[in-house]
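S.K.:
There are 2 protein chains.
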Amino acid sequence: MRKILVALGGGPTAVINQSLVGVVLKARLLGTVYGARFGIRGILNEEFLDLSDVPTQELEFVAVTPGSALGSTRDKPDIKYCMEIFKVLQAHQIEQFFYIGGNDSADTLHIVSEEARRVGYSLRCMHVPKTVDNDLMCNDHTPGYPSAARFVVQAFAGTNLDNAALPGIYLNVVMGRNAGFLTAASALARKYPGDGPHLIYLPERTFVLERFLEEVRRTYEHYGRCMVALSEGIHDASGAPIASQLMKNADRDGHGNVQLSGSGALADLLCDEIKNKLKVKRVRGDTLGYLQRSFPGCVSDFDQRVAREVGEKAVRFAMSAQDGSVAIQRTSDYVVGYELVPLKAVAGKTRVMEDKFIADSGTDVTDAFRAYLYPLLGSGIPEIHRLSSNPVEKILKKS
Amino acid sequence: MRKILVALGGGPTAVINQSLVGVVLKARLLGTVYGARFGIRGILNEEFLDLSDVPTQELEFVAVTPGSALGSTRDKPDIKYCMEIFKVLQAHQIEQFFYIGGNDSADTLHIVSEEARRVGYSLRCMHVPKTVDNDLMCNDHTPGYPSAARFVVQAFAGTNLDNAALPGIYLNVVMGRNAGFLTAASALARKYPGDGPHLIYLPERTFVLERFLEEVRRTYEHYGRCMVALSEGIHDASGAPIASQLMKNADRDGHGNVQLSGSGALADLLCDEIKNKLKVKRVRGDTLGYLQRSFPGCVSDFDQRVAREVGEKAVRFAMSAQDGSVAIQRTSDYVVGYELVPLKAVAGKTRVMEDKFIADSGTDVTDAFRAYLYPLLGSGIPEIHRLSSNPVEKILKKS
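Top line first, the protein sequences correspond to chains W and Y. With the numbering used here applied, the first sequence corresponds to residues 1 to 399, in that order. With the numbering used here applied, the second sequence corresponds to residues 1001 to 1399, in that order.
In structure tokens, the structure reads:
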């Protein structure tokens, strides 16, 4: 029997288990399927689960559960790490390795694939895309992004109502180190004229504090309130993230990335600036944090379907003669197709928002972006309604 | 035609519009119904909407929309403010005033009611309960709490999966100034053995930093990770909130409350303490923020029904000869009844978690609390599933 290994890398999403189940259900028709616990670290430690006989119904339940059912890792292997991996793979006679993850995971897999070829170890390496940041090259979008975007849309739709009821300035910081796709999704929360977010700050544009304060001031004057969506990755002209400048205990992962999530510092600092400079009393800042990639019950059904399919397609592509990454192409607004691209085409590279998606103001998105995102969000987004205005004539007319 | 006024006070919830619609649909059978924009501030400014002829279908859409459809306020009236209110009510010949809100709003209404009696102005004052904090006296629970609790449950269920996939220490700060009901709800996110939150810190118990660090350390050692739920209102032995001690620009509302929400400071400070003292690398802190009271699509259907009914009952009780507050009684686990209690029984008073709901450890809830909360959460909470473990025998056995 052929031995097939599957693992998950990087940050979990609401649909990464769909891709896992897609791989497992297809691959176990062809051989024995092992799952490595905690990504490549689990390979190193020989922590494998045999998924060949897990009941299909159980897998289907896991598929609709957020998080990475096998665990994940942020380890990045060097050559020594790779050699240890090969020893384990060889001992267990693994022939195919499916690694579900983002551009860092694709980079990991690319290193493993190159090293395997160099040392003459026969291993089929397939990368299955996922990332809430939507920052993979060669892909229309990446599984995980649509559900996270839907969470962002619902979060801004709700907090917009809250801010409209108790007017003030409200900031909310959204994930996305280099790419603003998730922050930009907040624009689709707007329904009625005057709805927030009124200003959107993306890492694709330079953040200038004085300009930010002036834009917030103008918006607050105009609407009597101001809702702001901010990417955690906003940076100054030198490219230095505003967030990491402010963090004392900056924490880096194995890929050298500074920790941007899991802290409210960026929102708090900007709230302080606004309070001090604009003299506005009600200023509040939230940070969406880990909820945006893990909240159960806020999932795009479109995202679920595509996440399942990339897993299935990866098994299909593994029958061909080359390693690679499954890439998603949009063939029309609601239909996607799949192709295999070389690992190095996505490994370690970052897609950012195309200029056509960003408004000239630099603080909003375009119709092209709305048209791009809308079909990804899936069905059944809760509707928001206002009371129609029927003002009573004033009698005392004091104000 | 009788003139009836309705307004919303304090923080919005996911179901406060249900109570508004409950009042409007019943009251407009009896007379003309005005809605004041932005609570009592709208009365002062004569900002009324005539809700008598708003289509029922539109009201039903508004009922399922989070936020306060008429706007809200945190103003607290003094005698001068009350006199201005009476002038407006008199000019518009308002006979009944329904104020939907928490204990601060009940306090406002109590002042208005007492002053009206003192100056001989005939006004029926009815308080309709709401608050996500669940801190009203005389009530089994308050509308808004069940839906916010459901959000907390889903948020912790999701972030528990995230933390299990990438193990570390994770804190999440939950709303609740004096009462820990909302923070305690996080306990109902647990399904499998080892699920978080592993530690729950409530404002009903004194927070001691050294003890906290020791409890986190022990839990981290035991599970290899640690999920913590913290109330924003945790305080030291002197009663001083840990959060407000740390905030430079402490912001107070008209009721003298320090701003605790809309900042990530508490989570960030405690993360820094853990990093510095326990030398753990992966430490993350989130703050649920305004999402927990406004997120669309995460609502308890039980909460919606009760919120509608308290509005309807208030109109019914207004036919009796006294001012008061509608109070919710649990008659069995899934059935509630309503009674009218004096305004002063709830005005400005705070219910906290009963001792029977808090475990002896001080960092968990009891079965009695789980039994209390479970029926409030409503139907259709997303299920969470794990992969059953089927470990493969190690060959190299290095670890």
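In this text, a Cβ means the ideal position worked out from N, Cα and C, and glycines have one as well. In this text the structure is predicted, and so the values were computed from the model without any measurement.
#1: Could you check the C-alpha separation between residue 1108/Y and residue 1008/Y for me, to the nearest Å?
#2: Does residue 329/W have its Cβ less than 8 Å from a Cβ in chain Y?
#3: Excluding five sequence neighbours on each side, which residues of the same chain lie with their C-beta closer than 8 Å to the C-beta of residue 1017/Y?
#4: With residue 1209/Y as the anchor, note down where its alpha helix (DSSP H) starts and where it stops.
#5: What residues match up with residue 1051/Y in a beta bridge as DSSP calls it?
#6: What is the DSSP secondary structure of residue 1137/Y, reduced to helix, strand or coil?
#7: For a contact meaning CB atoms closer than 8 Å, what does residue 1081/Y contact in chain W?
#8: Along the alpha helix (DSSP H) that carries residue 1188/Y, what are the first and last residues, could you check?
#9: For residue 306/W and residue 1296/Y, what's the separation of their Cα atoms in angstroms?
#10: What does residue 267/W reach in chain Y if we use C-beta pairs closer than 7 Å?
#11: Consult DSSP for residue 1392/Y and reduce its assignment to one of helix, strand or coil.
#12: Are the stretch 154 to 166 of chain W and the stretch 42 to 59 of chain W in contact at 8 Å, needing three or more beta carbon pairs?
#13: Does the Cβ-Cβ distance between residue 1298/Y and residue 1154/Y come in under 8 Å?
#14: Sorted by chain position, which residues of the same chain lie with C-beta nearer than 6 Å to residue 1049/Y's C-beta, five sequence neighbours on each side aside?
#15: For residue 1341/Y and residue 1326/Y, what's the separation of their Cα atoms in angstroms?
#16: Looking only at its own chain, which residues have a Cβ that is under 6 Å from the Cβ of residue 1046/Y, when we skip the five neighbours before and after it?
#17: Given a limit of 7 Å on CB to CB distance, which residues of the stretch 194 to 226 of chain W reach chain Y?
#18: Any idea if residue 117/W is buried or exposed, counting beta-carbon neighbours within 10 angstroms, 16 or more meaning buried?
#19: If you run the structure through DSSP and keep just helix, strand and coil, what is residue 1028/Y?
#20: Rounded to the nearest angstrom, what separates residue 234/W and residue 397/W at their Cα positions?
#21: Answer yes or no: does any C-beta atom of chain Y fall closer than 8 Å to that of residue 66/W?
#22: Verify the CB distance criterion: does residue 26/W have a CB-CB separation below 8 Å to chain Y?
#23: At the 8 Å Cβ level, is residue 134/W part of the contact set with chain Y, yes or no?
#24: Suppose contacts are defined by Cβ-Cβ distances below 8 Å. Is residue 1300/Y in contact with residue 1377/Y by that definition?
#25: If I follow the unbroken alpha helix (DSSP H) through residue 1098/Y, where does it start and stop?
#26: Just checking: is the beta-carbon of residue 295/W within a distance shorter than 8 Å of some beta-carbon in chain Y?
#27: Measure the alpha-carbon distance for residue 167/W versus residue 94/W and round it to whole angstroms.
#28: Take residue 72/W as the anchor and find which of 120/W, 6/W, 204/W and 137/W has the nearest alpha-carbon.
#29: If you draw a straight line from the C-alpha of residue 267/W to the C-alpha of residue 1371/Y, how long is it?
#30: Does chain Y have any CB closer than 8 Å to the CB of residue 274/W?
#31: Could you please give the first and the last residue of the uninterrupted alpha helix (DSSP H) stretch that includes residue 1308/Y?
#32: Measuring only the C-alpha atoms, how far is residue 1023/Y from residue 338/W?
#33: Can you pull the chain B neighbours of residue 1108/Y, defined as C-beta to C-beta under 8 Å?
#34: Starting from the N-terminal side, write out each stretch of the alpha helix (DSSP H) that is 4 residues or longer and does not extend beyond the stretch 1350 to 1384 of chain Y.
#35: Give a yes or no on whether 8 Å exceeds the smallest Cβ distance from residue 1159/Y to chain W.
#36: Where does residue 200/W sit, in a helix, a strand or coil, going by DSSP?
M.R.: On the basis of the coordinates in this document:
#1: Within the second sequence, residue 1108/Y is the residue found at index 108, counting from 1. Within the second sequence, residue 1008/Y is the residue found at index 8, counting from 1. If you take the alpha carbons of residue 1108/Y and residue 1008/Y, they lie about 12 Å apart.
#2: As a first step, residue 329/W is located in the first sequence; it is residue number 329 there, counting from the start. Residue-level contact by beta carbon fails for residue 329/W and chain Y, as no gap is shorter than 8 Å.
#3: Reading the second sequence from its first residue, position 17 is the one you call residue 1017/Y. Here the set comprises 1062, 1063, 1064, 1065, 1066, 1067, 1068 and 1069.
#4: The residue you call residue 1209/Y lines up with position 209 of the second sequence. From DSSP, the alpha helix (DSSP H) with residue 1209/Y extends over 1209 to 1223.
#5: As a first step, residue 1051/Y is located in the second sequence; it is residue number 51 there, counting from the start. Beta-bridge pairing links residue 1051/Y to no other residue.
#6: Your numbering for residue 1137/Y matches position 137 in the second sequence. If DSSP states are grouped into helix, strand and coil, residue 1137/Y belongs with coil.
#7: On the second sequence, position 81 is the one that residue 1081/Y refers to. In chain order: nothing, as chain W lies at least about 13 Å away.
#8: Residue numbering aside, residue 1188/Y sits at position 188 when the second sequence is read from its first letter. No alpha helix (DSSP H) holds residue 1188/Y; DSSP gives it neither H nor E.
#9: Translated into the one-based positions of the first sequence, residue 306/W becomes position 306. Translated into the one-based positions of the second sequence, residue 1296/Y becomes position 296. Rounded to the nearest angstrom, the two C-alpha atoms are 25 Å apart.
#10: The residue given as residue 267/W occupies position 267 in the first sequence. What residue 267/W touches in chain Y: 1264.
#11: For the purposes of this step, residue 1392/Y is taken as residue 392 along the second sequence, with counting starting at 1. Coil, per DSSP.
#12: No, they do not touch.
#13: Here the question's residue 1298/Y lines up with position 298 in the second sequence. Here the question's residue 1154/Y lines up with position 154 in the second sequence. Between residue 1298/Y and residue 1154/Y, the CB-CB gap stays under 8 Å.
#14: Stepping through the second sequence from its first residue, residue 1049/Y is reached at position 49. Taken in chain order, the residues that qualify are 1035.
#15: Locating residue 1341/Y in the second sequence gives position 341, counting from the first residue. Locating residue 1326/Y in the second sequence gives position 326, counting from the first residue. Their backbone Cα atoms lie some 6 Å apart in a straight line.
#16: The count along the second sequence starts at 1 and reaches residue 1046/Y at position 46. Taken in chain order, the residues that qualify are 1088.
#17: Those residues of the stretch 194 to 226 of chain W that come within reach of chain Y (Cβ to Cβ, closer than 7 Å) do not exist; the list is empty.
#18: Translated into the one-based positions of the first sequence, residue 117/W becomes position 117. Residue 117/W should be labelled exposed.
#19: The sequence position of residue 1028/Y within the second sequence is 28, counting from 1. Looking at residue 1028/Y - three-state DSSP - the assignment turns out to be coil, as it is neither helix nor strand.
#20: For the purposes of this step, residue 234/W is identified with residue 234 of the first sequence, where counting begins at 1. For the purposes of this step, residue 397/W is identified with residue 397 of the first sequence, where counting begins at 1. Approximately 46 Å between the Cα atoms of the pair.
#21: Position 66 of the first sequence holds residue 66/W. Chain Y contact via Cβ: present.
#22: Along the first sequence, one-based indexing puts residue 26/W at 26. It does not: the Cβ of residue 26/W has no partner Cβ on chain Y nearer than 8 Å.
#23: Counting from one through the first sequence, the residue named residue 134/W turns up at place 134. Not one chain Y Cβ lies under 8 Å of residue 134/W.
#24: Position 300 of the second sequence holds residue 1300/Y. Position 377 of the second sequence holds residue 1377/Y. It is a contact, given that the beta carbons lie within the stated cut-off.
#25: Here residue 1098/Y is taken as the residue at index 98 of the second sequence, counted from 1. Element bounds for residue 1098/Y: not the alpha helix (DSSP H) but the beta strand (DSSP E), 1096 to 1101.
#26: In the first sequence, the residue the question calls residue 295/W occupies position 295. At least one chain Y Cβ lies under 8 Å of residue 295/W.
#27: The residue you call residue 167/W lines up with position 167 of the first sequence. The residue you call residue 94/W lines up with position 94 of the first sequence. Residue 167/W and residue 94/W: Cα-Cα distance of roughly 60 Å.
#28: Reading the first sequence from its first residue, position 72 is the one you call residue 72/W. Ranking the options by Cα distance to residue 72/W, first place goes to 6/W.
#29: Here residue 267/W refers to the residue found at position 267 when the first sequence is read from its first residue. Here residue 1371/Y refers to the residue found at position 371 when the second sequence is read from its first residue. Rounded to whole angstroms, residue 267/W to residue 1371/Y spans 38 Å at the Cα level.
#30: Translated into the one-based positions of the first sequence, residue 274/W becomes position 274. No, because no Cβ of chain Y sits closer than 8 Å to the Cβ of residue 274/W.
#31: Indexing the second sequence from 1 puts residue 1308/Y at position 308. Looking at the DSSP string, the run of the alpha helix (DSSP H) that includes residue 1308/Y is 1301 to 1317.
#32: Along the second sequence, one-based indexing puts residue 1023/Y at 23. Along the first sequence, one-based indexing puts residue 338/W at 338. Between residue 1023/Y and residue 338/W, the C-alpha separation is close to 54 Å.
#33: Absent from the structure: chain B. Protein chains present are W and Y.
#34: Within the stretch 1350 to 1384 of chain Y, the complete alpha helix (DSSP H) runs of at least 4 residues fall at 1367 to 1373.
#35: As a position in the second sequence, residue 1159/Y is number 159, starting the count at 1. At least one chain W Cβ lies under 8 Å of residue 1159/Y.
#36: Residue numbering aside, residue 200/W sits at position 200 when the first sequence is read from its first letter. Residue 200/W falls in the strand class under three-state DSSP.
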